[in-house]
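Read through the structure below, which is laid out as structure tokens, and then see the notes.
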Amino acid sequence: MVQAITNVTGTAVPLLLDDIDTDRIIPARFLRCVTFDGLGEHAFEDDRIQDPAHPFNQPQFQGGKILVAGRNFGCGSSREHAPQALMRWGIQAVIAESYAEIFFGNCVSLGMPCVRASRADLEALTALIKSDLNTVVALDVVAQTVTAQAPAGKLVTAKVEIPAGAKQSLTTGGWDFLGQLVEGEPHVKAQVAKIPYLQKFAV
Amino acid sequence: MTDSRNLFNKVWDLHSCQTLASGQNQLFIGLHLIHEVTSPQAFAILRERNLKVAYPERTVATVDHIVPTLDQARPFVDLLAEEMMSAIEKNCRDFGVRLFDLKDNRQGVVHIVGPEQGLTLPGMTIACGDSHTSTHGAFGSIAFGIGTSQVADVLATQTLALGRPKVRKVEINGHLKPGVYAKDVILHIIRKLGVQGGVGYAYEFAGEVFDRMTMEERMTVCNMSIEGGARCGYINPDQTTVDYIQGRPFAPQGEEFDRAAKWWLSLASGPDAQFDDVVKFAAEDIEPTVTWGITPAQSVGIKETLPTIASFAADEQKVISEAFQYMDLKEGQPIQGLKINVAFIGSCTNGRISDLREAAKIVKGRHVAAGVKALVVPGSQLVRKQAMEEGLDKVFEEAGFEWRGAGCSMCLAMNPDKLKGNEVCASSSNRNFKGRQGSPTGRTLLMSPAMVAAAAVTGAVTDVRELV
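From first to last, the protein sequence lines stand for chains A and B.
Remember, my numbering sits 231 above the position in the first sequence when you count from 1.
Remember, my numbering sits 1 above the position in the second sequence when you count from 1.
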């Protein structure tokens, strides 16, 4: 078992755009590597070059732990380099309207909760983060709530959604699946005996 | 007794070893394909934890993403690419995994190699650290992309922890019009259902249109399931499937093949199969389709004009505006006649022999338009060899195309083949994302290989039907 991920608290980075694909999160040229080291500094590199106002460029959002994004976040390529780059940049959780499936699974495997929130809540959250840079966002994965509190007193709270399997894996420290899968070997052996193409199509 | 399960659920049930604490299944993976980009970190995990590859005969490796398609001499000019190449060679050696490297004529784009070699079979679960693994669903397998941590899971245990998706039947009956290809069919589906319409679903492509398709056409359709958000898409196995597999190097032979074929055909969803959702389209409504934006759903029929921003739902208008701005296009302008700078024929979507034949038919006797750079990149060394035996290389070269070695090439810009500046590329590949083809401001128009050929010889987006 690895560390249970029950909550993430910190400042947030607002990126409320839809259909952000993993090529944008980490352009393909940075995949020419044999380790994930150093990917953090290239997160959103091409978007950042073209848009000086990109939140990942702005000093006030450096150190942010929670990314607030839009619909279908992480679509496209299966590259785990994308969540690895976000993680190495400092992101520990994502709140978005929805996710592409492979990206979502990769994040669970890395212990990074990705929760869904309504568009209205994401807009309110984004507005607060932008209006008060010291807003602290607390994501409670167990209670499925997010609370954003600005020092000046303004507060945004929202319910968030996370699939039951992912929630169970994250909050019990079961998100590193490899150990569980290795332990399942007797079950695997039993099943292999029933799969026709593993038995010369004679079962 | 009839089995009212659809193919997906039959195959899933057969491979499910147990239910884990999370409620997910531990799913056995029948075929694991690996390549140089998403595997090195997975092998590092095995080394860290002192684990072996559990079923080395069920993993096959090849090299494709970083492979240069011009100068393949080692060491590569790109030292980072060379390091990745050396890493996969060492990893395969150390862990006893079969590798089709550049010296092996079975090398090519991983999703072309699997079917070509008879590694991809119906009723299998197939995983690969690449989202276009959905391609293999064309055979009636459950095939999907995974991340690197999951590549390590499969290497070490031949299994994955996965939740069962729902299944949506996408049914298309009727007859496709002349000049409408498999690529147009899948672009049409994505346009109608959206880039996230398939999230949480596997797509079963069913109906007369898919029944009539060749295996290569079915692969083109299933390949782009992921662009519609569906992690896998499949087509029920039939006699076309069985005939394609027979005689391939890794396919079962003799009496074993006969037993296999019987089982494969028994997996198809029956007439009373249950689905979580069913959508239907008419074949006659599908036009040669071209993407104009920055997602594969942002497309129009060749005779249409680009949509207006106001025609989209309020919550979609922001991303549509972003697409117009990036592509430097205007609402209401026709797609036909849009000038291109580059034409790319290749990729796991459309780099097979039938794709090259269709493109060559258009190109023959014509010449690439002035100022257009055009390249043909066969999907595998065997596709390349077959094409050369048919003289297709000459057809392309005489027309002014570059004829390249096998690899992923300009689909994804991890090798020297890249767009420059804000070039517009007519491309037979699968993604028109911002920067996808290697220039942060490059612009991609996805279309069928025949349409790319038509654009190459006219210098602009053209209705291929006007050239036949």
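Ideal Cβ positions, reconstructed from N, Cα and C, are used throughout, including at glycine.
Check whether chain A comes within 7 Å of residue i, counting only Cβ atoms and requiring the distance to be less than that.
| i | result |
| --- | --- |
| V320(B) | yes |
| F276(B) | no |
| W264(B) | yes |
| E399(B) | no |
| P308(B) | no |
| Q19(B) | yes |
| V171(B) | no |
| Q197(B) | yes |
| R6(B) | no |
| Q42(B) | yes |
| M448(B) | no |
| K304(B) | no |
| A454(B) | no |
Helix or strand or just coil, what does DSSP make of residue i?
| i | result |
| --- | --- |
| S300(B) | strand |
| S17(B) | strand |
| A374(A) | coil |
| P472(B) | The question about residue 472(B) has no answer, for chain B in this structure spans 2 to 469. |
| P258(A) | coil |
| D79(B) | coil |
| W404(B) | strand |
| G436(B) | coil |
| N7(B) | coil |
| P116(B) | helix |
| Y330(A) | strand |
| P245(A) | strand |
| L307(B) | coil |
| Q326(B) | helix |
| A43(B) | helix |
| T445(B) | strand |
| V378(B) | coil |
| K421(B) | coil |
| H436(A) | With chain A running from 232 to 434 in the structure shown, residue 436(A) is simply not present. |
| I236(A) | coil |
| S428(B) | strand |
Nearest chain B C-beta to residue i closer than 7 Å, yes or no?
| i | result |
| --- | --- |
| K431(A) | yes |
| H285(A) | no |
| N288(A) | no |
| A259(A) | yes |
| G303(A) | Contrary to the premise, residue 303(A) reads as Asn rather than Gly in this sequence. Chain B, which has a Cβ nearer than 7 Å to the Cβ of N303(A), makes this yes. |
| P427(A) | yes |
| G294(A) | no |
| S349(A) | no |
| D252(A) | yes |
| E435(A) | The displayed coordinates of chain A run from 232 to 434. Any statement about residue 435(A) would go beyond what the structure contains. |
| E354(A) | no |
| V244(A) | no |
Below 8 Å on the Cβ atoms is my guess for residue i versus residue j; work out the distance and round it to an integer in Å.
| i | j | result |
| --- | --- | --- |
| G305(A) | T253(A) | 6 Å |
| R260(B) | F432(A) | 4 Å |
| I30(B) | A128(B) | 5 Å |
| R353(B) | E217(B) | 5 Å |
| S428(B) | Q438(B) | 7 Å |
| I336(B) | I295(B) | The Cβ separation is near 15 Å, so there is no contact. |
| T350(B) | M225(B) | 6 Å |
| S1(B) | P123(B) | Residue 1(B) is absent from the structure shown; chain B starts at 2 and stops at 469. |
| T402(A) | V373(A) | 6 Å |
| A162(B) | L317(A) | With a Cβ gap of about 22 Å, A162(B) and L317(A) do not count as contacting. |
| V387(A) | L341(A) | In fact, because the Cβ distance is near 27 Å, the residues do not count as touching under 8 Å. |
Using the beta-carbon of each residue, which ones in chain D are nearer than 9 Å to residue i?
| i | result |
| --- | --- |
| G271(A) | No chain D is present in this structure, whose protein chains are A and B. |
Measuring from the CB of residue i, is there a heavy atom of the ligand COA at a distance below 6 Å?
| i | result |
| --- | --- |
| E84(B) | The ligand COA is absent from the structure shown, which contains no ligands of any kind. |
Here's the rule I'm using: 16 or more other beta-carbon atoms within 10 Å means buried, otherwise exposed. How should residue i be labelled?
| i | result |
| --- | --- |
| T3(B) | exposed |
| E414(A) | exposed |
| G248(B) | exposed |
| D250(A) | buried |
| P258(A) | buried |
| L28(B) | buried |
| Q334(B) | exposed |
| D14(B) | exposed |
| L188(B) | buried |
Checklist entry - Hey, which unbroken runs of the beta strand (DSSP E) at 3 residues or more fall wholly within the region 379-413 of chain A? => result With a minimum length of 3 residues, the continuous beta strand (DSSP E) runs that stay inside the region 379-413 of chain A are 386-390.
Item to check | Ranges of the beta strand (DSSP E) found wholly within the region 45-71 of chain B, counting only runs of at least 3 | outcome: 60-63
Checklist entry - Of all the alpha helix (DSSP H) runs that stay within the bounds of the region 172-240 of chain B, which reach a length of 4 or more residues? => result 183-194, 209-213, 216-224
Checklist entry - Quick one: complete alpha helix (DSSP H) runs, 4+ long, within the region 89-158 of chain B? => result Taking only runs of at least 4 residues, the alpha helix (DSSP H) segments lying wholly in the region 89-158 of chain B are 111-117, 149-158.
Next on the checklist: What ranges does the alpha helix (DSSP H) occupy inside the region 257-295 of chain A, keeping only unbroken runs of at least 4 residues that lie completely in it?
Outcome noted: With a minimum length of 4 residues, the continuous alpha helix (DSSP H) runs that stay inside the region 257-295 of chain A are 276-281.
Checklist entry - What residue ranges within the region 237-271 of chain B form continuous alpha helix (DSSP H) runs of no fewer than 4 residues, ordered along the chain? => result 240-246, 255-267
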